[in-house]
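Below: one structure, written as structure tokens.
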Amino acid sequence: ETEPLTSKKDVSDCNEGEDCKENGLLVRNPKSALRLVEDGNKVHPSQGDKGEVAQISNGYSGVQSSVPCNGMGEVEDAQCNAPAATTTTTTTTSTTCGAEGQQQLMELEDRETWSKKIDFLLSVIGYAVDLGNVWRFPYICYQNGGGAFLIPYTIMAIFGGIPLFYMELALGQYHRNGCISIWRKICPIFKGIGFAICIIDLYVASYYNTIMAWAFYYLVSSFTAELPWTSCTNAWNTGNCTNYFSKDNVSWSLHSISPAEEFYTRHVLQVHRSNGLDDLGGISWQLTLCLLLIFTIVYFSIWKGVKTSGKVVWVTATFPYIILFILLVRGATLPGAWRGVLYYLKPDWQKLLATEVWVDAAAQIFFSLGPGFGVLLAYASYNKFHNNCYQDALVTSTVNCVTSFVSGFVIFTVLGYMAEMRHEDVSEVAKDTGPSLLFITYAEAIANMPASTFFAIIFFLMLLTLGLDSTFAGLEGVITGVLDEFPHVWSKRRELFVLGLTIVCFLGSLATLTFGGAYVVKLFEEYATGPAVLTVVFLEAVAVAWFYGITQFCNDVKEMLGFTPGWYWRVCWVAISPIFLLFVTCSFLSNPPELRLFDYNYPHWTAVVGYCIGTSSIICIPIYMVYRLIITPGTLKERILKSITPETATEIPFGDIRMNAV
């Protein structure tokens, strides 16, 4: 037992058998504490308390920290005279009620929680299930062996994705802090991870919402009797525009361009008015207005905290499933749908011998579940302490994976229909990747269905709702992280901070709203998040399993759930998951993507720019490590030991009291 450096009074000054009142907190005499431990951790009521004796078996030292400080070193009488049933004292060494103690008490007393358990589940599902589930998984699946790809995908989910997902939920729920301040309670020298996460989230917000602005533009354009991307008679069309769905006999040639592609590239994006990244051109005012409206919706959905965003996700998280089901039924009834399904699921077992397939499987499950963005930490921190986050992790990750798989049928039934109409192979129709798969191929197929206006409206509404709750989550990761780190500045000014954050994100998105903005979106999507997030989660897994200690972490989980994680989870956290992350990171760095969008080949210098963007976030980690070692007093060895030792106790709720875990 050690005495905190900030303690003003030696615990030994207390009279034997009495409680000390130190800086506004009751501190149990260490001698009686030791005696209590010897008695089997039985807890005796305080003097004058006649209530029933409670029992604590959590193995932690604690303090009755529910007694607040009034700022003058005095204890409120009303709290001291509380019934024994709600003021059970626990064994302790000593503690203080200085600025840090008051901050912890304020955080725990004022911290909001989810109104209902389902709010949390829908928020996590809404975050994990995003636009990538609709376009990225189907493309990667058919590119990497169809049905055979499900084998490496499932293996990577079981041994890599789900354990990391569970770990972040447990960390956030136990320590009840955002991505920055949580490291004071785990391993302070890794606090730079929190700052890196916030920068990554800002990068994502700067391009991800632009994709939703495109979807919103399509949604507005859909409120017409004839969808504008069905004909070649518009002002933006060229001589190569070929509408093979027309009643006239039209042959599809090598230079043919569909009206849907020209609508997307020449009317919505207007990329023909840009020469590339070195000449982005002007800003599209139409997309700017769409993005402004999206950020307005985002602001009023999250400005009050999880109690408001938890209600919005009832719409944004459930609506996509209704639309997916409608589109699945419609796609299954289209002529040629079976060709697309066959192409989607036909296994190519030889692909399993290729390393790239396993890398793609690991990357897909990782980015689909989404650890490393601070969102799971933030959302779980608003849970009740004894919430079953183990069950939540299994349910939400399973829902996410199943959604990705079902989305493949929604996409490929339509691709089979397109191939049937063009008299081409499905592989020729499925060349488009990323957003182009949605805004060109799928949009064109919808436009040529009966009741096309209805299906176009619900489809682009689905894309908006898929993106909105992911944006809510990403920004909440930043908001919770900053508010928990600087509560004295922002705790009472959340609305103002959220407003400033949305304005910063909007201004940061202006480059993606230019005529060459699609090139910027592609660059950020490939470089700003991929290797940076992988590095962040790798260091996070190492810090928790090797520095904080896997035994300590499992004890924390037992405190919350009542059972200790089994050997499977321990092995995954200690070895398999870090190796999984290192494997994906090294594969990415050894084979940087060669970027190409439409007819534009990215110049070689863009790879340097991309790596600089990715490095700008993770550079926070070594910078903070150096800073931490400089400001910590003592020899180098003492500085390192202090920097890897938790500096702040985690308060554990027990009934109506709080215990400081040490």
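For any residue, its number in my numbering is found by taking its place in the sequence shown, counting from 1, and adding 22. By construction, the Cβ of each residue, glycine as well, lies at the ideal position given by its N, Cα and C atoms. These numbers come from a predicted model, not from an experiment.
Contacts around residue i, its chain only, beta-carbon distance under 6 angstroms, and the 5 residues preceding and following it disregarded
i, result
"F461", "Y286"
"E190", "P393, L398, L399"
"G489", "L153, M234"
"C576", "T586, P587"
"G362", "F434, T435, L437, G438, V448"
"A415", "F187, Y188, L191"
"A383", "P174, Y175, M178"
"K624", "In the sequence under discussion, the amino acid at residue 624 is Tyr, which differs from the Lys named in the question. The answer, listed in chain order, is L617."
For residue i, the three-state DSSP class (helix, strand or coil)
i, result
"G200", "coil"
"R618", "strand"
"I666", "coil"
"C254", "coil"
"Y491", "In the sequence on display, residue 491 carries Asp and not Tyr. Here D491 sits in helix by DSSP."
"I305", "strand"
"I279", "strand"
"C209", "coil"
"T338", "helix"
"G169", "helix"
"T536", "strand"
"G298", "strand"
"N259", "coil"
"N623", "strand"
"Q386", "helix"
"I641", "coil"
"P393", "coil"
"K406", "coil"
"P185", "helix"
"T232", "helix"
"S244", "coil"
"L153", "helix"
Proximity of residue i and residue j at Cβ, strictly below 8 angstroms
i, j, result
"I202", "D506", "yes"
"G530", "S323", "no"
"Y404", "E134", "yes"
"G456", "W157", "yes"
"T264", "S280", "yes"
"S390", "A150", "yes"
"F181", "I598", "yes"
"F494", "V320", "yes"
"S331", "F159", "no"
"W595", "A567", "yes"
"G503", "I219", "yes"
"V293", "F620", "yes"
Own chain partners of residue i with C-beta closer than 7 angstroms, once the 5 adjacent residues on each side are dropped
i, result
"T232", "L313, S531, T534, L535, G539, V543"
"K329", "E134, S137"
"P262", "Per the sequence shown, residue 262 should be read as Asn rather than Pro. Same-chain partners within the cutoff: H277, S278, I279."
"S665", "P210, I211, R650, L651, T654"
"S244", "T475, A478, I479, F482"
"E248", "none"
"S253", "N265, P281"
"N259", "P281, E284"
Buried versus exposed call for residue i [16 or more other C-beta atoms within 10 Å across all chains shown]
i, result
"I140", "exposed"
"E450", "exposed"
"E378", "exposed"
"C634", "exposed"
"P357", "exposed"
"Q413", "exposed"
"N613", "exposed"
"E283", "buried"
"T657", "exposed"
"N409", "buried"
"W307", "exposed"
"F434", "buried"
"V146", "buried"
"E12", "Outside the displayed range of the chain (23 to 684) lies residue 12, so it cannot be described from this structure."
"L486", "buried"
"T667", "exposed"
"L545", "buried"
"C608", "exposed"
"K373", "buried"
"F347", "exposed"
"T420", "exposed"
Beta-carbon proximity list for residue i, same chain, < 8 angstroms, skipping 5 on both sides
i, result
"E548", "P615, L617, G632"
"K368", "G168, G169"
Within the segment 410-477, ranges of the alpha helix (DSSP H) (whole runs, at least 4 residues): 411-444, 448-451, 465-469
Quick one: which unbroken alpha helix (DSSP H) runs of 4-plus residues sit fully inside the segment 501-565? Chain order, please. Listed in chain order, the complete alpha helix (DSSP H) runs (minimum 4 residues) inside the segment 501-565 are 509-512, 516-530, 539-549, 552-564.
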